[in-house]
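All remarks here apply to the structure that follows.
Given below as structure tokens:
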């Protein structure tokens, strides 16, 4: 089972990202489960969503406690919330930022982290392609590049399923761009 | 006014029927083949105004709809005395669920009929408690959505079913079991009351009317009018209660008449929030004439009459007269100067 | 339908629950005596014929009317209608114009030539009726309907009695009078005119009459002694009117004084005006309140220029100088002389001080009691002399045509009882329909229709009828003002207002109570407009 | 049709295929996505003829459903938590009138303190209403139970509530095999009411019933629930035959073959529980689970039969009878009176029930170390502090 936790702020499409990711995996014949952390938070507050991918039926309903991957849609959260909680030492981290990872003040975390960490200017890509600062679709492109758990084409299809017409088109373009960025610039990865 | 004027014939304008009137000039109640929506054998008190009001309104609605009518009844006297197992007095399609939900249940029935493609009209009905108090939220919702329901309130000004307690429709100074004749201000408080016809008008529904069991032609004309329209409609009928009012069983209609003729109960109709006609007072009386016949006001007429309270009640009547222009100079036969 | 136990019930099942057992009093339909019927001297079922007239069925109305009174066109003109005085509608707005509707029905009957119901099967008995005034004609009519043969005799040249010879034509056109009399005679009546009966017993024996009805009226003008000169013209008003009726009016001059305060005084004064008098002055010893003449006559007379001299008596009449003494009412309301005198110019003095009856035909029969100039009768109208009945002005009662008609009816029934060997028992009267029994809320507001009056100018010189009849529309309207006191008129109120549907509406538009369900609330009683329902205690 | 779809939307799809005629609801978390999705379908005309009515309260929502059902329409609504309590009077009325309304209950805690997260307290408030209460383990289960619910309700003239865990299921996106319209139509015939408000055949529905017949009415309702216990498995079988998958029924066992310890639970926690059991089985513990699908009427016989060879019972549930034990625990205890039973209260107000906690609890159970009543994952420090404060006061 591959478990993903997505951190962001209310209004950034955190829940939608988990859902699209699950749809993409589902399309590739896998079992997938996406669900939000249910809160009373409103726009702007830190929120979390989860996604599990597996080749067999997913029965558990507990929150993702030990994620294999973490997507951080809002970089400002990394010092406010324990975004890395339970992360597998060999897991994945994808952070939405235009800054290099080295500039993020994550020295303590990186000291114990043997997984792969990537940054991706998803908001900028979204602004570029979509015209709105909604980084979730773009980050999913980055996720595909970073983890290989789902294909970019499945992400692309799921995005288009979720957003019809031009909006789907533009989100898809952002995801493709992010995919390229991440594939070219994974900053740390074992082996 | 929707009421058809009847060329003078003895009692044609006021009585139930008359052998010489054309059928369309008679009330539904004069028809030997009327529905008798609520039939004999019900367990209402002698002289029950509510049983009468319900039959008046529903028989008229049955005629207006060619019998394609379904009625939803709130809990209350009317429901209890009409349907104690194993007998029902209703001759119409009738449904009772709860005290506070009749407007919503009626909405559901109307929706079902629409879905089923049936041209069945729906009436919700309740006493004043089920209308102005516990059913108020549901009623307001029904109004606001403009559901295709005529809601009828049979107002007897209190919770008579449970032993005469105060409702938001109980008039000031009236004695009830929860506004007893004790303390410095015996009887019910002087509040704003809950004037549901006006509240209904504020919902801008297509039709709002008041009526009493004392003026059958007027009442039936209003039911007819209501049934000629669609959307949410409201009819508020004053139905005196001999038990709760402490009045003679034979006085039921008379008291309803005095309530209107004193101005305490304005009889009018409104469309889309605007009063379109009033039934003018024919022979205006002072409120005392109405109050004195009811034991619930007996404390006002003790050895030391409560003239200040009576004056406040008269002021309420006067305010209604002014608000609704109830006194038409030509018809007024006022004894108020006396 | 498959319905769940107890929760869903088949309609109308509560009719198994007989709530009538709750009742301690039960409503019953009653017929109360309407005050108009009660007040009608002719015993007319006024409410009954108005009821028929309300539907526009004037023939039924007329037929109901003539059950009691065969002279509606006449009564519709000359009756002083005590019915209207007692009419309960007075307390709502104004009395129902009963008299006007009666006249309308009478006139309509004449116009349509409706005939009276045929005579009853011949009984083989024969009755002599003496006098063809309203009492005699009424008795004749009712006797014929009962199958008795009638011989009607009158001393005058024409039938009608005081209706012809006392009531001026402007109040009662002769065509109307003749039509209604003829209708009665058409029932098969032997008539003898100019036939004066001097001895009733002799007449009876001679004619083999089984019974006699005396309706001789009061035709003798009462005289007072007025000191008068030879040249002064003093005439009995009765004789004056009779002469006018015979188309032989005496010359009165231009200034006429009438002495008296009854209707005859006014008839005389108004007739004098019509004959050309410039002044017609009525001298009356008491005041307006005490005057017996009808208000209508009074108002009409004043309208025609008749003037009044109240609280005055005539003390002498010399030449054209008439001396009157002023009177004052004492504490008891009686006039007393004051000693003050006034002079009036007068060409003639008509005396209208009342009439007396000529009862000479009863002389020699001590068993007949005559008191105050009138013959005393039993409730059957029989005098002390077996088989001899009397009525009208000759008997103790108000001297009106309507009273006489009523006497005629009662006498006919009394005679019928007598001839059949029955004791006369007057039927019990129903309880009066008092105003308090009514719920007048229900009656529409409707003022009385005014009978149009001829322009005053036209009345001065002619004997054209003063009061015009109602149009049909007005008559119908007026009939429908009747509140039907004490008698169901099928308004459906009881049927409508019963909270327990315990009133059954029958095929004939009447109702009955279903005591299985009536709880005895009495709303039907309270809301019955006409007071035709009464609560009576249940037997416990 | 297999779809990766949010639970609420899956329910909306399933309900839509059941061709409801009147849908009425008042929004309350976490039920909102269900009615929003159905609302779109009705408003777009996809479900015509169908009325969607937005009302002013849950009380009205159930009342409208009552009216619609009584007038012969297939009626559906959904609610949660406080909403259920607010409509509870009408919930009883619907059952008493025998109206086959189907309602989704997106299970949520009951305040105070106000809490929007999942537990089963709300359903417990409806356990004696006369409704049939079915609990869904997954969104697939929830979808299938809704289809069965209409059939069950209309066959018996009894309303059915399908309970699914708020947020955990309603908001979870997962793969669901949505039933085809054709299959649903074949499985669920049009609604033919046993009693209907119809002017052409007027009856009085909702009479006042006094002491002379009330007990009989209630006894008949009791028998009707027993009928339901017989009918539910038959409908489940019929469903499997029509849709080629298992759903519904009274209870469902998991690895019960030789289980000495059995955990009885309802709803979505069964998924996590099964994972935990698999792990315990790997540790050679003879442990299984019994899922309660039909909570009302409570399938005493089926439960007793399933548990006949178990030696240790743990009832894991998201509701509590304060001062007593779990509500489900009481029902199970009545079914198998002689078996030792531990009541475990967990997941109240949305507290996550983790596999780790369950494993620890199961380990204690297997060693006979589990108290009669346990509140799982308590913050003992917070409790101790508050108890200390209370001790000072008292």
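Chains as they are written, first to last, in our numbering: chain S, 40 to 230; chain X, 17 to 354; chain H, 1391 to 1930; chain L, 12 to 405. For each residue, glycine too, the CB sits at the ideal point set by N, CA and C.
For this session: Quick one: which residues of the segment 74-90 of chain X get their C-beta closer than 7 Å to a C-beta of chain L? List them in chain order.
Result: Going along the segment 74-90 of chain X in chain order, one finds 83, 84, 85, 86, 88 with a Cβ nearer than 7 Å to chain L.
For this session: Could you tell me which residues DSSP puts in a beta bridge with residue 1901 (chain H)?
Result: Residue pairing by DSSP places residue 1901 (chain H) opposite H:1895 in a beta bridge.
Exercise. So what does DSSP say about residue 1715 (chain H), is it helix, strand or coil?
Worked result: Residue state, collapsed to three classes: strand.
Exercise. What number of angstroms, rounded off, separates the C-alpha of residue 394 (chain L) from the C-alpha of residue 400 (chain L)?
Worked result: When rounded, the distance between both Cα atoms is 10 Å.
For this session: Pull up the CB-CB distance for residue 189 (chain X) and residue 203 (chain X), whole angstroms please, since I reckon it's below 8 Å.
Result: With 8 Å as the limit, residue 189 (chain X) and residue 203 (chain X) qualify as a contact, their Cβ atoms being about 4 Å apart.
For this session: Give the straight-line distance between the Cα atoms of residue 366 (chain L) and residue 251 (chain L), rounded to the nearest whole angstrom.
Result: Going from the Cα of residue 366 (chain L) to the Cα of residue 251 (chain L) covers about 30 Å.
Exercise. What runs of the alpha helix (DSSP H), each 4 residues or longer, lie entirely inside the segment 1698-1767 of chain H?
Worked result: The qualifying runs do not exist here; there are none.
For this session: Could you give the DSSP three-state label for residue 261 (chain X): helix, strand or coil?
Result: Of the three classes helix, strand and coil, the one that applies to residue 261 (chain X) here is helix, per DSSP.
Problem set entry | Cα-Cα separation, residue 1820 (chain H) to residue 1828 (chain H) | For residue 1820 (chain H) and residue 1828 (chain H), the gap between their C-alpha atoms comes out near 16 Å.
Problem set entry | At least 3 beta-carbon pairs within less than 8 Å: the segment 208-220 of chain S vs the segment 163-183 of chain S | Taking one beta carbon from each stretch, the segment 208-220 of chain S and the segment 163-183 of chain S have 3 or more pairs nearer than 8 Å; the two touch.
Exercise. Apart from the five residues just before and just after residue 23 (chain L), which ones in its own chain have a Cβ nearer than 6 Å to its Cβ?
Worked result: Contacts found: 45, 48, 49.
Problem set entry | Test item: CB-CB of residue 106 (chain L) and residue 170 (chain L) under 8 Å | In this structure, residue 170 (chain L) lies closer than 8 Å to residue 106 (chain L) by Cβ.
For this session: Label residue 212 (chain L) either buried or exposed according to how many other C-beta atoms from any shown protein chain fall within 10 Å of its C-beta, with 16 as the threshold for buried.
Result: Residue 212 (chain L) should be labelled exposed.
Exercise. Since residue 1558 (chain H) contacts residue 1648 (chain H) with CB under 8 Å, what's their CB separation in whole angstroms?
Worked result: About 13 Å; that fails the 8 Å criterion.
For this session: Please specify which runs of the alpha helix (DSSP H), each continuous and at least 4 residues long, are wholly inside the segment 1393-1449 of chain H, giving them in chain order.
Result: DSSP runs (the alpha helix (DSSP H)) wholly in the segment 1393-1449 of chain H: 1425-1429, 1436-1444.
For this session: Return the first residue and the last residue of the beta strand (DSSP E) that residue 234 (chain S) is part of.
Result: No answer is possible for residue 234 (chain S): the residues shown for chain S start at 40 and end at 230.
For this session: Let me know if residue 1615 (chain H) comes out buried or exposed under the rule of 16 or more other beta-carbons within 10 Å of its beta-carbon.
Result: Residue 1615 (chain H) is exposed by the Cβ-count criterion.
Exercise. If we ignore side chains and look at the alpha-carbon of each, how far apart do residue 1549 (chain H) and residue 1522 (chain H) end up?
Worked result: Approximately 5 Å, taken between the alpha carbons.
Exercise. Looking at the C-beta of residue 114 (chain X), does it have a partner C-beta in chain L at a distance below 8 Å?
Worked result: Interface residue, yes.
For this session: Just mark residue 1882 (chain H) as buried or exposed, buried being the case when its beta carbon has 16 or more other beta carbons within 10 Å.
Result: It is buried - the Cβ of residue 1882 (chain H) has at least 16 other Cβ atoms within 10 Å.
For this session: Determine the closest residue to residue 119 (chain S) out of S:84, S:61, S:71, with distance taken between C-alpha atoms.
Result: Taking only the C-alpha atoms, the option nearest residue 119 (chain S) is S:84.
Exercise. How should residue 230 (chain L) be labelled, buried or exposed, when 16 other C-beta atoms within 10 angstroms of its C-beta is the threshold for buried?
Worked result: It is exposed - the Cβ of residue 230 (chain L) has fewer than 16 other Cβ atoms within 10 Å.
Problem set entry | Within 7 Å of chain H by C-beta, residues of the segment 244-275 of chain X in sequence order | Cβ contacts with chain H: 265, 266, 267, 268, 269, 270, 273.
Exercise. Are the CB atoms of residue 1570 (chain H) and residue 1461 (chain H) nearer to each other than 8 Å?
Worked result: Cβ atoms of residue 1570 (chain H) and residue 1461 (chain H): closer than 8 Å.
Exercise. How would you call residue 1745 (chain H), buried or exposed, if buried means at least 16 neighbouring beta carbons within 10 angstroms?
Worked result: Here residue 1745 (chain H) is buried, its C-beta having at least 16 other C-beta atoms within 10 Å.
Exercise. Who pairs with residue 223 (chain X) in a beta bridge, going by DSSP?
Worked result: Bridge pairing for residue 223 (chain X): X:249 [DSSP].
Problem set entry | Rounded separation between residue 160 (chain L) and residue 131 (chain S) - CA only | One C-alpha to the other measures close to 44 Å.
Exercise. For residue 1432 (chain H) versus residue 1801 (chain H), is the C-beta distance shorter than 8 Å?
Worked result: With contacts defined as CB atoms closer than 8 Å, residue 1432 (chain H) and residue 1801 (chain H) fail to qualify as a contacting pair.
Problem set entry | CB of residue 259 (chain L) within 8 Å of CB of residue 167 (chain L), strictly | Contact check for residue 259 (chain L) against residue 167 (chain L) fails: the beta carbons are separated by 8 Å or more.
Problem set entry | Three CB pairs or more closer than 8 Å across the segment 53-67 of chain L and the segment 1919-1930 of chain H | The segment 53-67 of chain L and the segment 1919-1930 of chain H do not touch, with fewer than 3 CB-CB distances between them shorter than 8 Å.
Exercise. Going straight from the alpha carbon of residue 1722 (chain H) to that of residue 1729 (chain H), what length do you get?
Worked result: Residue 1722 (chain H) and residue 1729 (chain H) have their alpha carbons spaced roughly 19 Å apart.
Exercise. Taking contact to mean at least 3 C-beta pairs separated by less than 8 Å, is the segment 1532-1546 of chain H in contact with the segment 1497-1514 of chain H?
Worked result: Contact between the segment 1532-1546 of chain H and the segment 1497-1514 of chain H is present, because at least three Cβ pairs lie under 8 Å.
Exercise. Taking the DSSP output, what are the residues bridged to residue 86 (chain L)?
Worked result: BP columns for residue 86 (chain L) point to L:33.
For this session: Could you check what DSSP says for residue 1598 (chain H) in three-state terms: helix, strand or coil?
Result: Correct three-state label for residue 1598 (chain H): coil.
Problem set entry | Extent of the continuous alpha helix (DSSP H) run through residue 1923 (chain H) | Element bounds for residue 1923 (chain H): not the alpha helix (DSSP H) but the beta strand (DSSP E), 1923-1927.
Exercise. Could you give the distance in angstroms between the alpha-carbon of residue 1470 (chain H) and the alpha-carbon of residue 1491 (chain H)?
Worked result: Approximately 14 Å, taken between the alpha carbons.
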